[in-house]
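In terms of full-length UniProt numbering, the sequence shown has 108 at position 108, counting the first letter as 1, and numbering is strictly consecutive.
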Amino acid sequence: MDGKKLEYKGEDALKEIEKLTTTAGDVQYGILKEILKRNAETEYLNKYMNGSIDVSQFKSCVPVITYKNIYPYIQRIANGEDSSLITGQPITEILCSSGTSAGEPKLTPSIAEDLDRRTFLYNLIMPIMNQYIPGLDDGKAMYLYFVKAELSTPCGLPFRTVLTSYYKSKHFKCRTRDPFNDFTSPDQAILCNDSNQSMYCQLLAGLVHRHQVMRLGAVFASALLRATSFLERKWAQLCNDIRTGHLDLSIIDPACRSAMMSILSSPNPDLADEIESICSRPSWKGILCHLWPRAKYIEAVVTGSMAQYIPPLEYYSAGKLPLVCTMYASSECYFGVNLKPICDPAEVAFTLLPNMGYFEFLPLGENGALAMDIDEDEAVPNDRLVDLVNVKVGSYYEFVVTTFSGLHRYRIGDVLQVTGFHNQAPQFRFICRRNVVLSVDNDKTNEEDLHRSITTAKKLLEPYNALLVEYTSYADTSSVPGHYVLFWEIQMVDSATSIDAKLLQECCVTVEEELDYVYRQCRSQEKTIGPLEIRVVEPGTFEALMDLFISQGGSINQYKTPRCIKSSTALKLLNSHALASFSSPRDPKWVPLNG
Numbered sequence: 001m002d003g004k005k006l007e008y009k010g011e012d013a014l015k016e017i018e019k020l021t022t023t024a025g026d027v028q029y030g031i032l033k034e035i036l037k038r039n040a041e042t043e044y045l046n047k048y049m050n051g052s053i054d055v056s057q058f059k060s061c062v063p064v065i066t067y068k069n070i071y072p073y074i075q076r077i078a079n080g081e082d083s084s085l086i087t088g089q090p091i092t093e094i095l096c097s098s099g100t101s102a103g104e105p106k107l108t109p110s111i112a113e114d115l116d117r118r119t120f121l122y123n124l125i126m127p128i129m130n131q132y133i134p135g136l137d138d139g140k141a142m143y144l145y146f147v148k149a150e151l152s153t154p155c156g157l158p159f160r161t162v163l164t165s166y167y168k169s170k171h172f173k174c175r176t177r178d179p180f181n182d183f184t185s186p187d188q189a190i191l192c193n194d195s196n197q198s199m200y201c202q203l204l205a206g207l208v209h210r211h212q213v214m215r216l217g218a219v220f221a222s223a224l225l226r227a228t229s230f231l232e233r234k235w236a237q238l239c240n241d242i243r244t245g246h247l248d249l250s251i252i253d254p255a256c257r258s259a260m261m262s263i264l265s266s267p268n269p270d271l272a273d274e275i276e277s278i279c280s281r282p283s284w285k286g287i288l289c290h291l292w293p294r295a296k297y298i299e300a301v302v303t304g305s306m307a308q309y310i311p312p313l314e315y316y317s318a319g320k321l322p323l324v325c326t327m328y329a330s331s332e333c334y335f336g337v338n339l340k341p342i343c344d345p346a347e348v349a350f351t352l353l354p355n356m357g358y359f360e361f362l363p364l365g366e367n368g369a370l371a372m373d374i375d376e377d378e379a380v381p382n383d384r385l386v387d388l389v390n391v392k393v394g395s396y397y398e399f400v401v402t403t404f405s406g407l408h409r410y411r412i413g414d415v416l417q418v419t420g421f422h423n424q425a426p427q428f429r430f431i432c433r434r435n436v437v438l439s440v441d442n443d444k445t446n447e448e449d450l451h452r453s454i455t456t457a458k459k460l461l462e463p464y465n466a467l468l469v470e471y472t473s474y475a476d477t478s479s480v481p482g483h484y485v486l487f488w489e490i491q492m493v494d495s496a497t498s499i500d501a502k503l504l505q506e507c508c509v510t511v512e513e514e515l516d517y518v519y520r521q522c523r524s525q526e527k528t529i530g531p532l533e534i535r536v537v538e539p540g541t542f543e544a545l546m547d548l549f550i551s552q553g554g555s556i557n558q559y560k561t562p563r564c565i566k567s568s569t570a571l572k573l574l575n576s577h578a579l580a581s582f583s584s585p586r587d588p589k590w591v592p593l594n595g
């Protein structure tokens, strides 16, 4: 980060947080000045500022944009044009976001020093945690980290996820070894592109070191639940490896085999018997505590759409392990940390660190009423934006960022609520992604994509004189992997005709084929989303749903069928009217992008 110190330990890290947040306004001004200084001569900024680095001119002349505005520039760079289109420093890689545009992953530019900023934030986590939970240096961390196979852009730039970028960087692979980053998983297992082999090896390593594990975690709560489901299927196989001291032949990745054989240095039948005794119990309630008895907490993202995984995590930990959400980040920029990590997941608030980028906020009102209604394509007047230090407690905002890597006044799409301040720096609660209605894993399906997919699928009903009267949806995460459920009310125009199961199964497949790239990747390649399900409900169900919402205080004049169901009462009503259920019989088509 411009030559500044990256690794802060203990008290030094906490002092740095205090220093940054106490002077947040000044730090932000300095960050913006530095970004303008570096990027002033780029094609993009020069178009609005004519080479000026004046902050007031930036605020009055540079427009607030969305992805579609910056995409042509990023695409030109991916095709081989110079980075100076948007940034004064060489773009070293293109990151693919979990968000999508026109069905494909969003492309995010990244420069070399972005890795320094990410590392800076990661290095603050343990000093914060040590204030609340002592003794974490007296053992290992069983964190399940995964990479995805990377591609290249037409000009040869790496095209990968932000986490794959970090795990493959020298910042991770050449990290300073200390008791606070002593992981059970060997790097070779983390860096294995085959997610099944990686999962198997990481769980095996965690079991071998079960009496040394002090903390459990994954980046997202969904990944930890996926690992638990995998363990439920494979524990006998894993026990056999530990008992015999030989790695299962299904692990064929050479680096994984080599690293794991050094961990399985000799047979350990006693340890295998311990694990077998625990895993063969009829109930897996509290299984995480039984297998890793010294664990003090679980670390994972449990905010936003990941909050749906809190109940199963609490079941598998018997409610004994705090669920800790430590930081707030995206592909575009890393933002801040949770200074009170042992709080209830519903109360998680992130303190934005003012040195990570330049942050502005689009007001959405005190109750967030505009959060879902504001049009992404609507031009935002520049004077509507609020600086970091001037946001108001209790108010809702959409996040707007300016980065060194070439995003200027870019709408991230996150809706946040201010909960307070730490010195000058505001603390925000993550509310949701704008317009996202369904999410199980890395997928983010918005209302427009859902409607388009269903519009295509319902055409299959027309030859049978059947009409789709109404629909809604929800993400069912009661089992692993979770899956999308659609509730369809179908009207038969001609009582002499009927529709069969095969037709509705094809409707399921058609919906999935029309959903975006990330959904289809999760569904077909990564198997982190299960087959989509259509539940056909009896006639009049959606009138009953409307009656329910109106009885709870809704207005009949303003009522619109919700396209995603969050209410347990509404879900119970829909399920009580379900006549039949149909699921996709095959995976949707998915092919990797060529970059």
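Yeah, the Cβ is synthetic: ideal placement off N, Cα and C, and Gly gets one too.
Of the listed residues R118, T164 and L249, nearest to C333 (C-alpha basis): R118
Contact under 8 Å by Cβ, V511 with I454: yes
Limits of the beta strand (DSSP E) - the one that K140 falls within: K140 to L144
S513, DSSP secondary structure in three states: Position check: residue 513 holds Glu in this sequence, whereas Ser was assumed. Of the three classes helix, strand and coil, the one that applies to E513 here is helix, per DSSP.
Reduced DSSP secondary structure (H/G/I, E/B, other) of F404: coil
Distance between E274 and I125 (C-alpha atoms, nearest Å): 33 Å
Distance between beta carbons of S185 and Y143, contact taken as under 8 Å: 7 Å
Identity of the residues DSSP links to F350 by a beta bridge: F428
Opening and closing residue of the alpha helix (DSSP H) in which M49 lies: E43 to M49
Test item: CB-CB of L388 and P363 under 8 Å: no
Cα-Cα separation between K527 and F582, rounded to whole angstroms: 19 Å
DSSP beta-bridge partners of S84: For S84, which the question treats as bridged, DSSP gives no partner whatsoever.
Neighbour-count burial assignment, A102, 16 or more Cβ in a 10 Å radius: Residue placement at A102 is flagged as unreliable, the pLDDT there being 49, under the threshold of 50; a coordinate-derived value is accordingly withheld.
Chain-order list of residues whose beta-carbon lies under 8 Å from that of I53 (same chain, five-residue window excluded): K33, L36, K37 and A40
CB of F220 within 8 Å of CB of M306, strictly: yes
Helix, strand or coil at W235 according to DSSP, with G and I counted as helix: helix
Contact under 8 Å by Cβ, A295 with L216: yes
Segments of 4+ residues assigned as alpha helix (DSSP H) that fall wholly inside the segment 292-348: 310-316
For L352, the nearest candidate out of G336, P345, C343 and T541 (CA to CA): G336
Simplified DSSP assignment, three categories, for A379: coil
Other residues of its chain near A570: CB distance less than 7 Å, five sequence neighbours each side excluded: L545 and L548
CB of F159 within 8 Å of CB of S195, strictly: no
A349 classed as buried or exposed, judged by whether at least 16 other C-beta atoms fall within 10 angstroms: buried
Local conformation of N442 per DSSP, three classes: coil
Cutoff 8 Å: S473 Cβ touching any chain B Cβ: Of the protein chains in this structure there is only one, and it is not chain B.
For Y297 and I133, believed in contact at Cβ under 8 Å, the rounded distance: 6 Å
The ligand MN heavy atom lying under 7 Å from the CB of K560: Of the ligands one can find in the structure shown there are none, so the ligand MN has no counterpart to examine.
Residue from I17, L264 and S265 whose Cα sits closest to the Cα of L121: I17
Endpoints, alpha helix (DSSP H) assigned at F549: T541 to S551
C-alpha gap between I242 and G413, whole angstroms: 46 Å
Exposed unless 16 or more other CB atoms sit within 10 angstroms - verdict on S83: buried
Span of the alpha helix (DSSP H), counted from its first residue to its last, around H422: That residue, H422, is in no alpha helix (DSSP H); its beta strand (DSSP E) goes Y410 to H422.
Own chain, CB closer than 8 Å to N240, minus 5 neighbours either side, in chain order: D248 and A272
P592 burial status per 10 Å Cβ neighbour count (16 or more: buried): exposed
Contact check, I499 vs L461, beta carbons under 8 Å: yes
Length of the line joining the Cα atoms of R523 and D26: 46 Å
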